[in-house]
Amino acid sequence: MPWKEKLIIALDVSDADYALELVDKFGEQIEIYKVGLELYTAAGPKIIDEIHKRKKRLFLDLKFHDIPNTVLKAAITATRLGVYMFNVHTSGGLEMMRRCRDSVVELCLKENLQKPKILGVTVLTSLSPQILRDELGIQHSLNTHVRHLSALALKAGLDGVIASGHEVAKIKSHCGESFLIVTPGIRPSWHPPDDQHRTMTPKQALREGADYIVMGRAILNSDNPLKTLELISLEMLTA
Ligand code: C5P
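Just so we're aligned, residue 1062 is where the sequence shown starts under my numbering, counting upward by one.
Right, here's the structure in full:
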């Protein structure tokens, strides 16, 4: 897969016009954009249509986490929006993930829609092993927890998971090579981690086997996003 199909830009801004300005600025360089809580809350589904009009694919990162019925209804709505991928929290449990996936498959067959890839959020990249243990009370290791949640997503029929670069190789060996892994928390060597704990450079993450990497602030907040993107693409080419 060419590098630009592996890089997802997180449009973490609250202004729809600015988001579209960025999409236009990156032009042919970027194929997939992520719309998350900030932009979706500000701009609603209209922003999805606008990005689709520009022939880009969309990752709707709303991390659905609720009772099975609520999540499957939201999943149906996301599917009708025509997004390329969306996600749910694996900690919502097996039934929630399975009913979400089954409802989407059924809808796509019935209405002849393209099935979006459904991904399970494992452990947020902003959480450290200490936070997982001391604040969330999970007593086994972070790696074991991520592996367990990934196996649950696989059992529910999801297409893959969101996980940090540090867990990619273990998930692939446990769940199979074709199980997709989308990796946020990506930082070029020159950029601080911000609120992320389990970070990795683009090159490292791709070498570990991530199918897609997500980058937001390291590109969007730089003085020259196009130049930064060029540097990152050069790094990705050597992975
Ligand atoms: O700015 P930065 O590159 O850290 O942005 C990462 C993006 O990926 C954010 O939009 C964040 O919500 C999202 N994300 C994440 N960790 C996850 C899932 C999604 O950082 N486990």
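We treat Cβ as the ideally placed atom computed from N, Cα and C, and that holds for glycine.
Only a predicted model underlies this, so the values are computations on that prediction, with no experimental measurement involved.
| query | result |
| --- | --- |
| Quick one, which of N1204, A1212 and L1188 has its alpha-carbon nearest D1255's? | L1188 |
| Taking its Cβ as the centre, do 16 or more other Cβ atoms sit within 10 Å of Y1273, making it buried, or is it exposed? | buried |
| Would P1063 be called buried (16 or more neighbouring beta carbons within 10 Å of its own) or exposed? | exposed |
| Mind checking which residues open and close the alpha helix (DSSP H) that includes H1113? | K1107 to K1114 |
| Is any heavy atom of ligand 1 found at a distance shorter than 8 Å from the C-beta of V1184? | yes |
| From which residue to which residue does the alpha helix (DSSP H) around Y1145 run? | Neither: Y1145 is in no alpha helix (DSSP H) and is coded neither H nor E. |
| Measuring CB to CB, does M1261 end up less than 9 Å from G1246? | yes |
| In or out: N1282 buried (at least 16 other Cβ within 10 Å) or exposed? | exposed |
| Return the residue from the list G1277, V1184, K1233 and L1174 that minimises the CA-CA distance to R1248. | G1277 |
| Can you name, in chain order, every residue of its own chain whose Cβ lies under 6 Å from the Cβ of C1169, other than the five neighbours on each side? | K1176 |
| Using CA coordinates, which residue listed in A1139, S1075, D1195 and R1118 is at the minimum distance from E1089? | R1118 |
| Quick check for students: name the residue ranges of the alpha helix (DSSP H) that lie wholly in the stretch 1139-1183, counting only runs of 4 or more. | 1155-1172 |
| For L1100, I'd like the list of residues in its chain whose CB is within less than 8 Å of its CB, leaving aside the five on either flank, ordered along the chain. | L1072, D1073, V1074, S1075, A1077, A1080 and I1108 |
| In terms of residues, what are the limits of the alpha helix (DSSP H) holding F1240? | Unbroken run through F1240: none, as it is neither H nor E. |
| Within the present structure, is the beta-carbon of Q1257 separated from the nearest heavy atom of ligand 1 by less than 8 Å? | yes |
| Could you check what DSSP says for D1122 in three-state terms: helix, strand or coil? | strand |
| Quick one: Cα of F1240 to Cα of S1234, how far? | 10 Å |
| Need the endpoints of the beta strand (DSSP E) that A1071 sits in, please. | L1068 to A1071 |
| Is P1245 close to ligand 1? I mean its beta-carbon at under 8 Å from any heavy atom of the ligand. | yes |
| I1223: which of P1129, E1196, K1178 and D1163 sits nearest, CA to CA? | K1178 |
| When you compare only the Cα positions, how much space is there between K1065 and M1297? | 9 Å |
| So is the beta-carbon of M1158 under 8 Å away from any non-hydrogen atom of ligand 1? | no |
| Could you give the first and the last residue of the continuous alpha helix (DSSP H) run that contains V1096? | It is not in any alpha helix (DSSP H) - V1096 instead sits in the beta strand (DSSP E) that spans I1093 to G1097. |
| Can you tell me where the alpha helix (DSSP H) with V1084 in it begins and where it stops? | A1077 to F1087 |
| Would the beta-carbon of K1124 be found less than 8 Å away from any heavy atom of ligand 1? | yes |
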